[in-house]
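FYI, the numbering for the sequence shown is 4 to 278, going by my numbering. Positions of the beta carbon are idealized from the N, C-alpha and C atoms, including for glycine. Since this is a predicted model, take the numbers as computed values, not measurements.
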Amino acid sequence: MRAFIPLVLAASMVAASASPPVTGSPTLRQMRSARGLAWAPAGGLVLRGQGCGGRQRSATCGLKGLRAKILSDEAAVAVKDVIPSTAEWVKGFIVALKICPFAKEPLNKGTIRYAISTAEDGDSLRDDVFAECARLLDTPVQETVTTLMMAPEWKETVDKWGEVGYWLEDFLEEEVDEIFDGKMGVVFFHPEWTFQEMLPDDPLHFERRAPFPTVSLLRKDDIKTHVTEAMGRGVNLSKEVTDNNTRRLQAEGTPVLKALMAQFRAGAGSVLPYQ
């Protein structure tokens, strides 16, 4: 399935509010496990909904046993190319080609947070994703709308990246915990991402490619707002974005998109017009 994940999450939430669940239907995790996507964390993390030391309840204070390895803002800015290349990718690809309809406004308002994870494997990546999810929930939406967390030191394969990503998508969507409680959505990007059902040179693979392994974090309430507004206009936003991405990516073609991604990775910017 290649539909852009935030739209799928939001569309499913809207649909679920009008339709009762189907008894006995498999969960996403069960379906993915049947396909051999069976990664699971080593454990050691407890999610609790209490605050810390009498302070007002916050998502961050409810994370116990977290071993997050996210660089400080000062250290992240000092890392060569990672944040500038990702910012150029957002501007010159995601927004220029309208790959995601949610990206232009936070780009223009400066409400995208760029974070760098030093995770090298699935367990450390899980902790960093949870830490950034908690930080986003604790931050006013006027300050940060979405977070892009890059993991340039990731040492495992793109397949493992996808397995970890699917596990985290499932956990945040299906698990009932006292911290996230269905409030967060994540999307995983990777420089080598491929959709299994497509030919290796299909340009649609670039819908989920980025200069570095990257996780996009969004509040589900924000996604649902976009989808509900579109429904009010009689627009199926998921279909509209999928159709747009297919048309735009196929029009650019794989050679152009490969060259474009190489430019982003090298910090050279984009040749596509920013709209």
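Discussion item. I'd like to know if the region 122-134 and the region 88-101 are in contact, where contact means that at least 3 CB-CB pairs between them fall below 8 Å.
Written reply: At 8 Å Cβ cutoff, the stretches do not touch.
Worksheet item: What span of residues does the beta strand (DSSP E) with R251 cover, start to end?
Response: It is not in any beta strand (DSSP E) - R251 instead sits in the alpha helix (DSSP H) that spans 240-255.
Discussion item. Threshold first: 4 residues or longer. Then list the alpha helix (DSSP H) segments lying entirely within the region 109-164, N to C.
Written reply: Counting whole runs of 4 or more residues, the region 109-164 contains the alpha helix (DSSP H) stretches 125-141.
Fill in: DSSP bridge partner residues for G188 (one or two, in chain order)
Note: G188 sits in a beta bridge opposite L221.
Worksheet item: Taking Cβ to Cβ, would you say V189 is nearer than 7 Å to V230?
Response: No, these two residues do not count as a Cβ contact at 7 Å.
Item to complete: May I ask which residues mark the beginning and end of the alpha helix (DSSP H) holding W92?
Response: Segment 85-92, the alpha helix (DSSP H) holding W92.
Discussion item. Measuring only the C-alpha atoms, how far is K163 from I115?
Written reply: Rounded to the nearest angstrom, the two C-alpha atoms are 27 Å apart.
Worksheet entry | Nearest neighbour of A137, chosen from P109, L175, F209, P87 [CA to CA] | Considering only alpha carbons, the answer is L175.
Worksheet item: Taking the alpha carbon of A154 as the point to measure from, which residue in L171, I182, G125 has its own alpha carbon closest?
Response: In terms of Cα proximity to A154, the closest of L171, I182, G125 is G125.
Worksheet item: Is I73 helix, strand or coil when you go by DSSP?
Response: Note: I73 maps to strand in three-state DSSP.
Discussion item. DSSP three-state label for W170, please.
Written reply: In the structure shown, W170 sits in a helix (DSSP, three-state: H, G or I).
Worksheet item: Can you name, in chain order, every residue of its own chain whose Cβ lies under 6 Å from the Cβ of S120, other than the five neighbours on each side?
Response: Cβ neighbours of S120 within its own chain (closer than 6 Å, five residues either side excluded): I73, D131, M152, A154.
Worksheet entry | Closest by C-alpha distance to P216, when choosing among E123, K112, A106, T228 | Residue E123 is the option with its Cα nearest to P216.
Worksheet item: Taking F183 as the reference, which of E91, D141, E200 has the closest Cα?
Response: The shortest C-alpha separation from F183 is found at D141.
Worksheet item: Applying the criterion that 16 or more other CB atoms from any shown protein chain within 10 Å of the CB defines a buried residue, is T149 buried or exposed?
Response: Around the CB of T149, 16 or more other CB atoms lie within 10 Å, so the residue is classed as buried.
Discussion item. Buried or exposed for T89, going by 16 or more other Cβ atoms inside 10 Å?
Written reply: T89 sits buried, since 16 or more C-beta atoms from the chains shown fall within 10 Å of its C-beta.
Practice prompt. Compare the beta carbon distance of G270 and P104 with 7 Å and say whether it is the shorter of the two.
Written response: Cβ atoms of G270 and P104: not closer than 7 Å.
Item to complete: Work out the CA separation of K242 and K261 for me, nearest whole Å.
Response: About 25 Å.
Discussion item. Rounded to whole angstroms, what is the Cα-Cα separation between E232 and E108?
Written reply: Approximately 15 Å between the Cα atoms of the pair.
Fill in: Inter-residue CB distance, A71 and A118 (contact presumed, cutoff 8 Å)
For a cut-off of 8 Å, the C-beta gap from A71 to A118 is around 10 Å, too long to register as a contact.
Worksheet entry | Cβ pair V161, H208 closer than 7 Å | No, Cβ-Cβ distance for V161 and H208 is not below 7 Å.
Worksheet item: V93 to L128, Cα distance in whole Å?
Response: If you draw a straight line from the Cα of V93 to the Cα of L128, it comes to about 22 Å.
Worksheet entry | Reduced DSSP secondary structure (H/G/I, E/B, other) of M201 | Coil, per DSSP.
Worksheet item: When you compare only the Cα positions, how much space is there between V82 and E91?
Response: Each residue's alpha carbon lies about 15 Å from the other.
Discussion item. Going by C-alpha to C-alpha distance, which of L139, E77, T147 sits closest to L110?
Written reply: Here the closest residue by C-alpha is T147.
Worksheet item: Near W157, what residues of its chain come up, given a Cβ to Cβ distance below 7 Å and the 5 sequence neighbours on each side ignored?
Response: Within the same chain, W157 has close Cβ partners A122, E123, W164, P216.
Practice prompt. State yes or no: is the C-beta of P203 within less than 7 Å of the C-beta of L252?
Written response: Going by C-beta atoms, P203 is not nearer than 7 Å to L252.
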